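*Asks:*
Residue numbers (the numbering used here): 2 to 320.
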């Protein structure tokens with residue numbers, strides 16, 4: 002104000018009760034600062050837009066692409082990504098799918114671990130099999146979110162939902178993988194046993210020739226179509242021995258790792274699909290590329306997984 006009124010440095014110093022030299026130095030610094038031009042690009046987003054981006058990412062769990070669709074005024078998805086990465090305390094993290102473990106679940110998990118952790122050779126005869134859903138627009142069960150590192154990590158439950166998707170069944174063992182089967186429509190025990198007739202029974206026949214004195218054992222989780230009486234009768238008639246599997250126990254189940262590898266390859270580089278035919282073609286191509294040397298490594302990890310379950314008294318492990 003004093004400068005705009007064209008007062009001298011001496012007059013300003015006298016009015017403010019300060020030294021004239023201090024006033025002169027202060028005014029020089031102000032001129033130098035105002036003369037300095039900003040360098041670099043002008044920010045593409047306003048502060049208000051930045052706040053909206055982070056609110057949608059952290060509070061609502063939206064991806065960069067979803068944020069861009071919700072805020073069409075933003076320049077691009079890559080701009081949203083750069084904005085999210087610009088804050089040091091934010092990170093892009095995978096939500097950790099975790100089963101709700103009750104005391105009786107933990108007790109059964111510990112009992113299972115104590116019984117099977119030391120049976121290293123036993124696991125070479127086990128066939129792990131399950132269904133897996135693949136969505137046209139991205140992987141199910143691998144949802145990512147922007148996480149404020151100052152807060153506790155978020156957890157979500159795995160659920161299989163409907164929509165534009167393809168469902169598959171497949172199995173693995175120490176010796177390789179089964180045929181990949183695409184499933185049609187809603188599954189029930191009858192359809193499930195038809196899948197086992199096509200995919201499991203021929204594989205078990207081949208496996209018996211490879212494992213000598215060991216008897217093949219079939220592992221499946223406790224999904225309703227797996228534990229249905231119709232399914233159990235089918236397995237008994239076909240002389241298929243099953244492994245009693247503790248509920249809520251995806252961590253020692255190595256086929257979860259295979260699904261992870263397969264999903265990452267199918268959706269590599271953010272790939273999405275317009276038709277189920279395209280998605281099925283990609284799934285089949287990537288399934289055939291699964292490294293056979295990878296499967297024995299997973300089998301060898303099972304005792305460690307079970308030992309971790311025992312040490313954690315049945316709680317969820319890091320596998």
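Don't be surprised by glycine CBs; every beta carbon is placed ideally from N, CA and C. Remember, it's a predicted structure, so these values are computed and weren't measured experimentally.
To the nearest angstrom, how far is it from the Cα of residue 248 to the Cα of residue 131?
*Replies:* The alpha-carbon atoms of residue 248 and residue 131 are separated by roughly 14 angstroms.
*Asks:* Could you give the distance in angstroms between the alpha-carbon of residue 48 and the alpha-carbon of residue 70?
*Replies:* When rounded, the distance between both Cα atoms is 19 angstroms.
*Asks:* Return the residue from the list 111, 178 and 187 that minimises the CA-CA distance to residue 291.
*Replies:* Out of 111, 178 and 187, 178 has the C-alpha closest to the C-alpha of residue 291.
*Asks:* Buried or exposed, going by whether 16 or more other CB atoms sit within 10 Å of the CB of residue 275?
*Replies:* Exposed: under 16 other Cβ atoms inside 10 Å.
*Asks:* Does the beta carbon of residue 264 come closer than 9 angstroms to any beta carbon on chain B?
*Replies:* The structure shown has no chain B; it contains just one protein chain.
*Asks:* Give the range of the alpha helix (DSSP H) segment to which residue 1 is assigned.
*Replies:* Nothing can be reported for residue 1: it is not among the residues displayed for the chain, which extend from 2 to 320.
*Asks:* If you draw a straight line from the C-alpha of residue 9 to the C-alpha of residue 27, how long is it?
*Replies:* When rounded, the distance between both Cα atoms is 14 angstroms.
*Asks:* Can you check whether the CB of residue 167 is closer than 9 angstroms to the CB of residue 324?
*Replies:* In the structure displayed, the chain extends from 2 to 320; residue 324 sits before or after that span and is not available.
*Asks:* If you draw a straight line from the alpha carbon of residue 11 to that of residue 25, how long is it in whole angstroms?
*Replies:* So the alpha carbons of these two residues sit roughly 9 angstroms apart.
*Asks:* Could you give the DSSP three-state label for residue 172: helix, strand or coil?
*Replies:* Correct three-state label for residue 172: strand.
*Asks:* Check residue 58 in the structure and name its three-state DSSP category.
*Replies:* Three-state result, residue 58: helix.
*Asks:* State yes or no: is the C-beta of residue 118 within less than 9 angstroms of the C-beta of residue 251?
*Replies:* No; because the gap between Cβ atoms is not below 9 angstroms, this pair is not in contact.
*Asks:* CB-CB under 6 angstroms to residue 164, same chain, minus the five flanking residues each way: which ones, in chain order?
*Replies:* For residue 164, the predicted structure reports a pLDDT of 47, less than 50, and the residue's modelled location is therefore unreliable. The matter cannot be settled from this model.
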